[in-house]
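K.L.:
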Amino acid sequence: MIHSQMEDAQYEIRNQVLNPNQRQQLEDRRRIKEQLHQLEQDNESPTHMYRRKLKIASDVNLLDQHDSFYHTTKSLLVLFQIMGVMPIMRSPKGVDMPRTTFTWCSKAFLWAYFIYACETVIVLVVARERINKFISTSDKRFDEVIYNIIFMSIMVPHFLLPVASWRNGSEVAKFKNMWTDFQYKYLIVTGKPIVFPKLYPITWTLCIVSWSLSLVIILSQYYLQPDFQFYHTFAYYHIIAMLNGFCSLWFVNCTAFGTASKAFAKELTDVLATERPAAKLTEYRHLWVDLSHMMQQLGKAYSNMYGIYCLVIFFTTIIATYGSLSEIVEHGATYKENVEAHGLGKRPTLANGHDISSFDITALQ
69 MIHSQMEDAQ
79 YEIRNQVLNP
89 NQRQQLEDRR
99 RIKEQLHQLE
109 QDNESPTHMY
119 RRKLKIASDV
129 NLLDQHDSFY
139 HTTKSLLVLF
149 QIMGVMPIMR
159 SPKGVDMPRT
169 TFTWCSKAFL
179 WAYFIYACET
189 VIVLVVARER
199 INKFISTSDK
209 RFDEVIYNII
219 FMSIMVPHFL
229 LPVASWRNGS
239 EVAKFKNMWT
249 DFQYKYLIVT
259 GKPIVFPKLY
269 PITWTLCIVS
279 WSLSLVIILS
289 QYYLQPDFQF
299 YHTFAYYHII
309 AMLNGFCSLW
319 FVNCTAFGTA
329 SKAFAKELTD
339 VLATERPAAK
349 LTEYRHLWVD
359 LSHMMQQLGK
369 AYSNMYGIYC
379 LVIFFTTIIA
389 TYGSLSEIVE
399 HGATYKENVE
409 AHGLGKRPTL
419 ANGHDISSFD
429 ITALQ
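Letter by letter, the sequence shown follows residues 69 to 433 in this note's numbering.
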């Protein structure tokens, strides 16, 4: 009571020394303050509708059961673990902890250390031979130089893998957990789970295609290039497959976001058709904000990996285009086959070294 009287006295004193505009502004502020205070005291106030509820208490078994995104994309996650690209782990069932974890001393990471060390030895040996041959050989054809530069540039992503992929492992695990929580919240709000009907076969197909395409590309270069040794191919299989896997992962994530957005839009349309959708609209707004945050987290988790992917693709495309255009400008758009490299197409000669096709047959008569 005394405090209120003191505030009124101070208000009257300020009101006497202020001009009319300042008085009006002061009265507006005081009125707004009283209204906000009244809203806080009013139990019937709808302000709770705009406040986010506390984290929903969830059972880890329910999270695992309704985590459709993990179950449908598990094949690609396991493939990345085997390749040592992204050593994140799924928590055991029934353990009360985040469903996807990332630690530098986990079993998946120890395997990643081992496989990366083995691959590094092979890549270094092949890179050393290519560099030495590139420096020592002086009479190289132009296309050989272009191919050598391209295949040396493909080795670069292997050495950038710890910085671009492993360093963001915690962000990737956070992204996976956001998907898990979102699907559970979606189930509570809408009463229906998110289903990805096409994602399971798509993911398996992309895993197979990633490695099949890598084998086809590298083995074709082994047969087409005479200086491409067979053991050199083992330095490129995992790199090409990794780049293909990055592209596959991006397609899978975009497909999942598209499916979730369409399901969300359908449920929102049904809610708007009801008589009193205000309370439900607030919950749907929170779901939409979660979906937006997940898209932002997608960029934070995979930005470095896709940066490497874009750099390699752009660099190799530019070099290959330059080499092709240079050959076309110099020799024309023709297909040339160096048959002499295979011991074919040699013209027969006599013992004295003269070409038999230019030998005068009348001289023998």
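Positions of the beta carbon are idealized from the N, C-alpha and C atoms, including for glycine.
#1: When DSSP labels each residue in this structure, what does R97 get in the three-state scheme?
#2: Out of M165, C186, L379, I156, point me to the one whose CA is closest to W172's CA.
#3: What are the boundary residues of the alpha helix (DSSP H) that includes K175?
#4: Quick one: is Y390 buried, meaning 16 or more other Cβ sit within 10 Å of its Cβ, or exposed?
#5: How long is the line joining the alpha carbons of K161 and K330, rounded to whole angstroms?
#6: Determine the DSSP secondary structure at M223, reduced to helix, strand or coil.
#7: Look at the alpha carbon of L147 and the alpha carbon of C275, and state the distance between them as a whole number of angstroms.
#8: Our contact map puts M154 next to V263 with C-beta atoms below 8 Å; I'd like the distance itself, whole angstroms only.
#9: Quick one: what's M157 bridged to in DSSP?
#10: May I ask which residues mark the beginning and end of the alpha helix (DSSP H) holding Y299?
#11: Please confirm whether I387 and I222 have their CB atoms less than 8 Å apart.
#12: Would A309 pass as a contact of V191 if the rule is Cβ separation under 8 Å?
#13: Just checking my contact of T271 with S143 at CB under 8 Å: how many whole Å lie between their CB atoms?
#14: For A369, which residues in the same chain have their Cβ closer than 8 Å to its Cβ, ignoring the five residues on either side in sequence?
#15: Just to check my reading of the structure: V128 and P225 have Cβ atoms closer than 8 Å, yes? What is that Cβ distance to the nearest angstrom?
#16: With DSSP as the reference, label F264 as helix, strand or coil.
#17: Report the three-state DSSP secondary structure of Y443 (helix, strand or coil).
#18: Among L228, F182, I150, which one has its Cα closest to the Cα of Y374?
#19: Would you kindly check if the distance between the Cβ of G313 and the Cβ of S280 is under 8 Å?
#20: Sorted by chain position, which residues of the same chain lie with C-beta nearer than 7 Å to L336's C-beta, five sequence neighbours on each side aside?
#21: Is the stretch 192–200 in contact with the stretch 245–259, if contact means three or more CB pairs nearer than 8 Å?
#22: Hey, out of D249, R99, T141, whose CA is closest to P166's CA?
#23: Can you tell me the Cα-Cα spacing of M220 and I285, whole angstroms?
#24: Note down the Cα distance separating R99 from Q93, rounded to an integer number of angstroms.
#25: Using the rule of at least 16 other Cβ atoms within 10 Å of the residue's Cβ for burial, across every protein chain shown, is V320 buried or exposed?
#26: Whole angstroms is fine: what's the gap from A442's alpha carbon to C186's?
#27: To the nearest whole angstrom, what separates the beta carbons of L311 and T141, a pair I think is in contact under 8 Å?
#28: If I measure Cβ to Cβ from H361 and keep anything under 6 Å in the same chain, skipping five residues before and after, which residues do I get?
#29: I need the DSSP call for G326, collapsed to helix, strand or coil.
#30: Whose C-alpha, out of F202, E102, A232, I183, is nearest the C-alpha of N372?
P.N.:
Answer, in terms of the structure:
#1: Against the sequence shown, residue 97 aligns to sequence position 29. Here R97 sits in helix by DSSP.
#2: Sequence index remark: in the sequence shown, residue 172 carries index 104 (1-based). Per the Cα distances, I156.
#3: Locating residue 175 in the sequence shown gives position 107, counting from the first residue. Here the alpha helix (DSSP H) through K175 covers 175–204.
#4: Residue mapping note: residue 390 aligns to position 322 of the sequence shown, counting from 1. With a threshold of 16 other beta carbon atoms within 10 Å, Y390 falls short and is exposed.
#5: Within the sequence shown, the letter at position 93 stands for residue 161. Within the sequence shown, the letter at position 262 stands for residue 330. In a straight line, the C-alpha of K161 is about 30 Å away from that of K330.
#6: What you label residue 223 is simply residue 155 of the sequence shown in a count that begins at 1. Coil at M223, not helix or strand.
#7: Looking up residue 147 in the sequence shown gives position 79. Looking up residue 275 in the sequence shown gives position 207. If you take the alpha carbons of L147 and C275, they lie about 7 Å apart.
#8: To locate residue 154, count along the sequence shown from 1; it is residue 86. To locate residue 263, count along the sequence shown from 1; it is residue 195. Taking a contact as a CB-CB distance under 8 Å, the pair M154 and V263 does not count as one, their CB atoms being some 25 Å apart.
#9: Here the question's residue 157 lines up with position 89 in the sequence shown. Partner(s): T169.
#10: Your numbering for residue 299 matches position 231 in the sequence shown. Y299 -> no alpha helix (DSSP H), and no H or E assigned at all.
#11: For the purposes of this step, residue 387 is taken as the residue at position 319 of the sequence shown. For the purposes of this step, residue 222 is taken as the residue at position 154 of the sequence shown. Their beta carbons are not under 8 Å apart, which means I387 does not touch I222 by this criterion.
#12: Within the sequence shown, numbered from 1, the residue matching residue 309 stands at position 241. Within the sequence shown, numbered from 1, the residue matching residue 191 stands at position 123. A309 places its beta carbon 8 Å or farther from that of V191.
#13: As a position in the sequence shown, residue 271 is number 203, starting the count at 1. As a position in the sequence shown, residue 143 is number 75, starting the count at 1. Contact flag correct, Cβ pair sits at about 5 Å.
#14: The count along the sequence shown starts at 1 and reaches residue 369 at position 301. Closer than 8 Å at Cβ, skipping near neighbours: N236, E239, V240, K242, F243.
#15: For the purposes of this step, residue 128 is taken as residue 60 along the sequence shown, with counting starting at 1. For the purposes of this step, residue 225 is taken as residue 157 along the sequence shown, with counting starting at 1. Not a contact, Cβ separation roughly 36 Å.
#16: As a working mapping, residue 264 is identified with position 196 in the sequence shown. F264: coil per DSSP, three-state reduction.
#17: Outside the shown range of the chain (69 to 433) lies residue 443, about which nothing can therefore be said.
#18: Your numbering for residue 374 matches position 306 in the sequence shown. Among L228, F182, I150, the Cα nearest to that of Y374 belongs to L228.
#19: Position 212 of the sequence shown, counted from the start, is the residue given in the question as residue 280. Position 245 of the sequence shown, counted from the start, is the residue given in the question as residue 313. Cβ distance not < 8 Å, so S280 and G313 don't count as in contact.
#20: Stepping through the sequence shown from its first residue, residue 336 is reached at position 268. The residues are Y352.
#21: Segments in contact, no.
#22: Reading the sequence shown from its first residue, position 98 is the one you call residue 166. Looking at the Cα atoms, D249 is the closest of the given residues.
#23: For this step, residue 220 is matched to residue 152 along the sequence shown. For this step, residue 285 is matched to residue 217 along the sequence shown. Their backbone Cα atoms lie some 15 Å apart in a straight line.
#24: Locating residue 99 in the sequence shown gives position 31, where the first residue counts as 1. Locating residue 93 in the sequence shown gives position 25, where the first residue counts as 1. When rounded, the distance between both Cα atoms is 10 Å.
#25: Position 252 of the sequence shown holds residue 320. By the 10 Å Cβ count, V320 comes out buried.
#26: Not covered by the structure: residue 442. The range shown for the chain is 69 to 433.
#27: Position 243 of the sequence shown, counted from the first residue, corresponds to residue 311. Position 73 of the sequence shown, counted from the first residue, corresponds to residue 141. Not really, about 18 Å apart at Cβ, beyond 8 Å.
#28: As a working note, residue 361 is residue 293 in the sequence shown. The answer is none, since no qualifying residue turns up.
#29: Taking the sequence shown and counting its residues from 1, the one referred to as residue 326 is at position 258. Helix, per DSSP.
#30: Here residue 372 is taken as the residue at index 304 of the sequence shown, counted from 1. N372 has its Cα closest to that of A232, out of F202, E102, A232, I183.
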